[in-house]
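One structure is given below, encoded as structure tokens.
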Amino acid sequence: MQFQEIVSIIFDKTDHLENALDDLDKKIDFHAWILEYGMSTKRFLYLDYKGEEDYEIVNYILDYEFNHGIELASQEELEQLGEFEYEFLPDKIREVNEIISSKGYGLFSYPTTGDYYALFIEELVNKTKLLQFELLENENIPLSGKYIQYYN
12 MQFQEIVSII FDKTDHLENA LDDLDKKIDF HAWILEYGMS TKRFLYLDYK GEEDYEIVNY
72 ILDYEFNHGI ELASQEELEQ LGEFEYEFLP DKIREVNEII SSKGYGLFSY PTTGDYYALF
132 IEELVNKTKL LQFELLENEN IPLSGKYIQY YN
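As numbered in my numbering, residues 12 to 163 make up the sequence shown, in order.
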């Protein structure tokens, strides 16, 4: 099943995830479940379409680095990223990806039906798998908005 494959890529393998995956078979709206689980585990960063406030993306990167024991960007790069001015949020996401892609990671956008972005960091080796599944079956959403997106 495509949703279980997406879940196993995006979320860290834990006992909590295994229990949640058992429940996933009983769910009707898999898309909403992933968004809720991403929020409850703080795996997703939710940002309004208007943009971020108070260095939310930089703080998300720092949290990810701490939780995974890796460095995705230097202090100088993070400072520049925090000061980066943009008109549209995808411009900032592209800038993030320019920086962290050298470490083999990317900032992806999970599709939503609301006026917000659900962003998450993942290794680029999983990029092809992440981008191939249509995750929303809403006819009012453009085709590109039904897939996980990677801005580069």
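Note that CB positions come from ideal geometry on N, CA and C, so glycine has one too. Computed from a predicted model, the values in this text were never measured in an experiment.
Roughly how far, in whole angstroms, is the beta-carbon of residue 105 from the beta-carbon of residue 151, given that I think they are within contact range, below 8 Å? Rounded, the Cβ-Cβ distance is 26 Å, inconsistent with contact.
Rounded to a whole number of angstroms, what is the C-alpha to C-alpha distance between residue 44 and residue 16? 14 Å
Cβ neighbours of residue 54 in the same chain (closer than 7 Å, five flanking residues each side left out): 21, 22, 131
DSSP has residue 43 in a bridge; who is on the other side? In the DSSP output, where bridge partners are listed per residue, residue 43 has none listed.
Expressed to the nearest angstrom, what Euclidean distance is found between the alpha-carbon atoms of residue 12 and residue 41? Any reading at residue 12 must be qualified, since the residue scores a pLDDT of 48, below 50, and its modelled position is unreliable; no value is offered.
Using 10 angstroms around the beta-carbon of residue 103, count the other beta-carbons present and answer buried if the total reaches 16, otherwise exposed. buried
Taking DSSP's pairing of strands, which residues face residue 59 in a bridge? 62, 127
Give the range of the beta strand (DSSP E) segment to which residue 118 is assigned. 116-121
Would you call the region 111-121 in contact with the region 79-93, where contact means no fewer than 3 C-beta pairs closer than 8 Å? yes
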